[in-house]
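*Asks:* This is the structure I want to talk about, given as structure tokens.
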Amino acid sequence: MDPETWITLSQNQDQMFSAIDKFLVRDDRPKVRQGVSRAIVGTLKRPMRNDIVPCEGFAKYFWQILDTLLVQESINPDSSAEFYHAALVIFQFLGNTDAASLELDHYLSTWSSRLIEYPVTEIVGRPKEDYILTGLSKLLSRCTAFAREQGIAVGMKVSERIFERLLFPTYVFGDQYQDIEVAERLPCLHGPTRTEIYTLLLELVNDLESSTRMVALNRQLFPRDDALHDSHIADRTRWARSSAGHVGLQNMSNTCYLNSLIAQLFMNRSFRAFILDMDVNSSDESQRLLFSMKVLFARMQNSYAKAVEPKDFVESITDYEGEQIDITIQMDVDEFYNLIFDRLEGQMSSIQMKSSFRGYYGGQLVQQVKSSECEHISERNEPFSAIQCDIKGKTNLQESLKAYVGGEHMDGDNKYSCTECGRHVNAVKRTSLKDLPNGIIFHLKRFEFDLQTMHRSKINDKFEFPNCIDMTPYTTDFLSAEEKGKIAPPPDIFELVGVLVHSGTAESGHYYSYVRDRLSDSSNPQWLEFNDSEVSFFDPSTISSACYGGCDTMARDSMGQAFTVNKPYSAYMLFYERSSFLRSPNGNLGTVGFGRKLPLPHDLECEIQAENERFIRKYCMFDNSYIDFAKRLADQHHRLSKNSARSEHLSERKALLLALETFEQIATRFKDPGEAEALHGTIHVYLVSCPDCCLDFLNWISDKEEAIRNLLVCNPYPKPRQAVARLVLVALTQLRRKRAVIYGADDPNLGHDYGERESNSILYKVCNALIESWDGLQYTAKTWNDYFGLLANIACLGQFERSTMLELGYLKKTLQLLVIDLLPAPKKKEFMFDNFTKIWSKRRPPIGNAGSLLCELMSLCDPNLLPCLDNDRRIIDERCERYPLTRTEYDLFTFSDDRNAMTAITRLLESHNVNDAMANLVSNIVASEVAPVEGGILDLLKYTLINGVPVDPAQEALPFLTCLTQFIASTKSLNYVREIIRRVAEEIPTIGTDGGAEHLAFFQDLLKVRNPVIKATSIKFRILEQIGSWAPPLLVYCEVRVREETELFLNEILFDTLGNGDRPKARSAVEMLMDNCFTYLETRYTKQRHQCDEKTFESILRVLEKCGEYQSDEEVFKARYDNLRVLIEKMILEEEEDADLASDEWGGSEIGSDTHEMEVQLDDYNST
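Numbering (the UniProt record's numbering), first residue to last: 1 to 1168.
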């Protein structure tokens, strides 16, 4: 910009003001506003030539104009984004360069007052950004930051007033509604705008005193006694009223028929007004249905929720036998319509009320028989509430109605007995409409009974209906005038206002409704779809395709053949209203003064508004922006507390509790774990930096009802569960190190002598709270790993923790859990864990961490000791320095299934998650100072472990083999050693193609065992005694590594021994090995027909050759060996022939030959 232009601008500021006001503030064109905003902001980046006027000059020039415009009422909240962007950039530039020149205290006062007094115009379900709110919040946020830098005091009350006015208004409606004026008070609901207001609040409370007050305000948002949300899963997007502006109805089981009909009745505004205006006694049981329908309509009209539950209404409906309707059984909606209208009319107290009620949908028809041979006409008036229309053989509604009034001829054998003539005459029998209500319902008879199949079937024929229909041709007056040649009555036009659709078959299906909004423009009416909880806009131009039925559009199957299918969805009930009534002052469209909402009784309106207040608060708190605000507020408060010289822990505790409440009641209810993880990080900082905060946290999680259930036991999301488990462990560990007395002992390494102080300790309190939440595990097994993982980690902290948990009954509870489904019925009732049985019956639950906990607790106990009574205090046995089990614990621990194996041990080993811990448990039991050499629980334990070895696939036996290794390492009985080795060896020939490595490792590990009682050579000899059972199958095992390692192992335990001298037991083992290798290959192996090649037999042949070196009769050995080689070559040849035969099945195809060529090339490559 040249100096001359600048001088011109500076001298004509009024003109610039007008230009900016016109093109930046008032102009309706976004591109114009954006251009002006960019031009103003651009001056800060383009200084004047020769630097005559710096950028600050432009900023101050434009700020004078923008500052004046900021306080004007002409700013449009829908089109002021560009204006506030320019103002914010200019203001921020001046604040960074010359903040002292700004009237910051004036701006703080003016802008905050404007923000607090700003009228929020929100519509629930249709959030829209108000740029004035967003812009003012950003400006005030920057102004607050600049003011603090300049040492200007920021009013403490400002933040509280903004919080209560724009974010969370205080509740107005309590228990009494007499003196309360009902008025809608909504805060700002737009998420991004709320985020800016939260950012502003954090700037305003950036000191310890203000921060403390803001923390207190936020803590008051959480209900004291009830949960903020009654489900562990939160989907905020499905809470608020839909953008269509109406409330749906929750499906209580199979109540879609009810919901679709109620939606049609509710949208009839005159009928709704009649129901809402009824004088009904709420305490009168005889009018319960009327009252519940009145309340339901009121909630559907005034509630902010997406859908209301018609529970009270449904429970007040009885069938014709006086029984409450079954919500699990779907009714025919036409039958339900007749039932509900009969029940409603029956509860009305006056004849006038009943007459008015029948006037909405009830009319009169005439059953007429007219003689063709005389003037006699027989007529009978009948009421109707819906007109039954046949659709089979009919193409549209008019044709069906014409047949409805057309009647049938009575002649031949079906002549009419005329009372006037006294004889049978030809006659016409027909039905006509006499009195028509303002609303007519047509029931399209789409279901019929098939006499061939003896089942109901659905008629999916196409059936059309018009948007408007003249009902005069179907009336008695019209038909009579037509017959007598008189002038016909004037047209009586009815307009389509609703279609109730059935989708599905005659046996099952779903109902939903399309409804015309009576307040919309009649020339272009707006339609809505009510589908249970979902309410959305509907395009009425698609009624023909969505409601007429018939065949669906052509499609093509996988073979390209065209075909058509019947549409499963079609209109079942049609709702029409008299056109003149729709436009009358008393009708639907002419409700002048009512607006969209009809008046409600004061107390009922206040009650619903109180619900709305609570709903809006919860809705806003479950916004991600609030979770982020609570986190940032807690972070900021922690920083301010640590930096304050007069920091008090009470203030820090309140901020921690706010973070915990937000974490437990809000953040952990979302599927996306991001917010919960962020809050977890904040809470973790509090815990690691302050032992007192650890104590506050543990007291909170122990004292707050349902906290552990909500966070750990019943929470469906794994990351929040794992996060809270880590927090508990961190807090306990911190107190264990830094607050030993509070933790429970002067010395956390204390052994068994913990005295009576444990019940007063925080450890005891936490463990007690955890076990009190145990019953929640019966509802889902998904949380077991995290819950038991925490318990196992607590037990791992030390002996003091394990002792505390043992005294609280954790061992008994864990054992119950592992065997509950197999216990006799009386004990199941005793434990009251019926749902646990259902969990076990569905699938094997995750019990790995439960096993870890069990093993930790069992490390303090010895099942070899005589059990004590359940109510007795355990006394440590000085011989083994362990506790006895109680009688119940012992019975559960030794409980055996139908295989006589200990169920708890078996199931834990089958889980494959606690192998090492279970091995240590076995070792402790067997090696106990009080354990017998043989017998007692050792027999049962040995049998349990041996019984787990025969399993398919055989590799699953690894946990049992590991424990058997420990059993042998600890036992005092050589008989046990011999039996275990024999049983495992005998199992190896049956393992097939899995588990070879695991079974070989069992014998290899036995050589490393150092049993303090039994010599290693004794164990080695027991292995050699069974060499004929385990060695041959492993020498020809399908895996090369297993065969080679078996050969090496034989060299180690057998042939190397012989090389060091002639040993009788070793020579006997050689004889046994040789004989069994020959026998295995000659008989068993050939019968099983394993896949094999030359390499398969290399190891066993080398072993046989070594055995041959120790044979006295070499010729006999050589003959048998040569015969075996011939047999092996025959097996290999047969295997190759089978492979060639399988290859021939390709029929010489190119695929087969190419595959073979690739295999040859691969073999050549590998050989190089």
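Backbone N, C-alpha and C define an ideal beta-carbon position, used for all residues, glycine too. As the structure is a computational prediction, the values presented were derived from the model and not from experiment.
1) With DSSP as the reference, label methionine 48 as helix, strand or coil.
2) Can you tell which of Ile762, Asp672, His637 has the C-alpha that lies nearest to the C-alpha of isoleucine 701?
3) Could you tell me how far apart the beta carbons of alanine 917 and phenylalanine 615 are, in whole angstroms, since I believe they sit closer than 8 Å?
4) Along the chain, which unbroken stretches of the beta strand (DSSP E) at least 3 residues long are found entirely within the stretch 365-409?
5) Is it buried or exposed for isoleucine 52, if we count other Cβ within 10 angstroms and need 16 for buried?
6) Would glycine 269 be called buried (16 or more neighbouring beta carbons within 10 Å of its own) or exposed?
7) State whether the stretch 599-606 contacts the stretch 615-632, with contact taken as three or more CB pairs (one from each stretch) at a distance under 8 Å.
8) On a CA-only basis, which of Ala931, Ala59, Val819, Ile820 is nearest leucine 866? Give me that one, please.
9) Assess contact between the stretch 921-929 and the stretch 940-953, defined as three or more Cβ pairs (one per stretch) separated by less than 8 Å. Is contact present?
10) Who does valine 308 pair with in a DSSP beta bridge?
11) Only counting the same chain, and skipping five residues up and downstream in sequence, which positions put a Cβ closer than 8 Å to that of alanine 59?
12) Exposed or buried, what is isoleucine 875 when buried is set at 16 or more other beta-carbons lying within 10 Å of its beta-carbon?
13) Looking at leucine 598 and arginine 272, is the spacing between their C-beta atoms short of 9 Å?
14) Cα-Cα, which of Arg26, Lys618, Ser480 is closest to alanine 238?
15) Could you check the C-alpha separation between glycine 439 and alanine 263 for me, to the nearest Å?
16) Could I get the ranges of all uninterrupted alpha helix (DSSP H) runs contained in the stretch 137-211, with 4 residues as the minimum, in chain order?
17) Of all the options Glu1071, Asn947, Ala506, Lys1020, which has the alpha carbon lying nearest to the alpha carbon of glutamate 1052?
18) Only counting the same chain, and skipping five residues up and downstream in sequence, which positions put a Cβ closer than 8 Å to that of serine 1018?
19) With a threshold of 6 Å on Cβ separation, who are the neighbours of phenylalanine 384 within its own chain once the five nearest residues in sequence on each side are excluded?
20) How should asparagine 76 be labelled, buried or exposed, when 16 other C-beta atoms within 10 angstroms of its C-beta is the threshold for buried?
21) What first and last residue would you give for the beta strand (DSSP E) that runs through valine 501?
22) Have a look at glutamine 367 and valine 405 and give me their C-alpha separation to the nearest angstrom.
23) Nearest CA to the CA of glycine 549: which residue from Tyr576, Arg1084, Met410, Gly504?
24) Looking at leucine 633: is its Cβ nearer than 9 Å to the Cβ of leucine 650?
25) Arginine 161 to isoleucine 65, Cα distance in whole Å?
26) If you run the structure through DSSP and keep just helix, strand and coil, what is glycine 1028?
27) Taking 9 Å as the cut-off, decide whether the C-beta atoms of leucine 582 and arginine 669 are in contact.
28) So, using beta-carbon positions, are phenylalanine 698 and valine 766 closer together than 9 Å?
29) Would you call the stretch 407-415 and the stretch 462-478 in contact, with 3 or more CB pairs under 8 Å?
30) Could you tell me which uninterrupted alpha helix (DSSP H) segments, each at least 4 residues in length, are contained entirely in the stretch 672-724, listed from first to last along the chain?
31) Taking glutamate 664 as the reference, give the member of Gln609, Arg639, Glu613, Ala725 with the closest Cα.
32) Helix, strand or coil: how does DSSP classify glycine 362 here?
33) By Cβ distance below 7 Å, which residues in the same chain neighbour asparagine 12 in space, the five residues on each side in sequence not counted?
34) In terms of residue numbering, what span does the beta strand (DSSP E) encompassing aspartate 435 cover?
35) So, for aspartate 14: in the same chain, excluding its five sequence neighbours on each side, which residues have a beta-carbon less than 7 Å away from its beta-carbon?
36) Pick helix, strand or coil for glutamate 448, following the three-state DSSP scheme.
*Replies:* This is what the structure gives:
1) Its pLDDT being 47, under 50, methionine 48 is placed unreliably by the model, and the measurement read from it follows with that caveat. If DSSP states are grouped into helix, strand and coil, methionine 48 belongs with coil.
2) Checking every option, the nearest Cα to that of isoleucine 701 belongs to Ile762.
3) A Cβ-Cβ separation of about 50 Å leaves alanine 917 out of contact with phenylalanine 615 under the 8 Å criterion.
4) Entirely contained in the stretch 365-409, the beta strand (DSSP E) runs reaching 3 residues are, in chain order, 377-384, 387-390.
5) Any reading at isoleucine 52 needs caution, since the residue's pLDDT is 47, under 50, leaving its predicted position unreliable; the model's value is listed next. Isoleucine 52 should be labelled exposed.
6) Per the sequence shown, residue 269 should be read as arginine rather than glycine. Under this definition arginine 269 is a buried residue.
7) The stretch 599-606 is not in contact with the stretch 615-632.
8) Comparing C-alpha distances from leucine 866 to each of Ala931, Ala59, Val819, Ile820 shows the shortest one belongs to Ala931.
9) Short answer: they touch.
10) Leu249, per the DSSP bridge assignment.
11) Excluding residues within five positions, the ones whose Cβ falls inside 8 Å are Thr43, Leu44, Ile90, Phe93, Leu94, Thr97.
12) Isoleucine 875 is exposed by the Cβ-count criterion.
13) In this structure, arginine 272 lies near leucine 598, with their beta-carbon atoms less than 9 Å apart.
14) Just to set this straight, residue 238 is arginine in the shown sequence, not alanine. Comparing Cα-Cα distances from arginine 238 to each of Arg26, Lys618, Ser480, the minimum goes to Lys618.
15) The alpha-carbon atoms of glycine 439 and alanine 263 are separated by roughly 15 Å.
16) At a cut-off of 4 residues, the continuous stretches assigned as alpha helix (DSSP H) that sit fully inside the stretch 137-211 are 156-162, 191-204.
17) The shortest C-alpha to C-alpha distance from glutamate 1052 to any of Glu1071, Asn947, Ala506, Lys1020 is the one to Lys1020.
18) Excluding residues within five positions, the ones whose Cβ falls inside 8 Å are Leu974, Val977.
19) Contacts found: Gly363, Leu365.
20) Answer is exposed; the Cβ neighbour count stays below 16.
21) Per DSSP, valine 501 is one residue of the beta strand (DSSP E) stretching across 493-504.
22) Taking the straight line joining both Cα atoms gives about 10 Å.
23) Nearest of Tyr576, Arg1084, Met410, Gly504 to glycine 549, Cα basis: Gly504.
24) Not closer than 9 Å, so no.
25) The straight-line gap from Cα to Cα measures roughly 29 Å.
26) Reduced to three states, the DSSP call for glycine 1028 is helix.
27) Cβ atoms of leucine 582 and arginine 669: not closer than 9 Å.
28) Looking at the sequence shown, residue 698 is not phenylalanine but leucine. Leucine 698 places its beta carbon less than 9 Å from that of valine 766.
29) No: fewer than three Cβ pairs fall under 8 Å.
30) Runs found: 674-689, 691-703.
31) From the listed residues Gln609, Arg639, Glu613, Ala725, the smallest Cα separation to glutamate 664 is found for Ala725.
32) Here glycine 362 sits in coil by DSSP.
33) Excluding positions up to five away in sequence, the list is empty.
34) Taken as a continuous stretch (DSSP letters only), the beta strand (DSSP E) holding aspartate 435 covers 427-435.
35) Hits under 7 Å: none found.
36) The DSSP-derived three-state label of glutamate 448 is strand.
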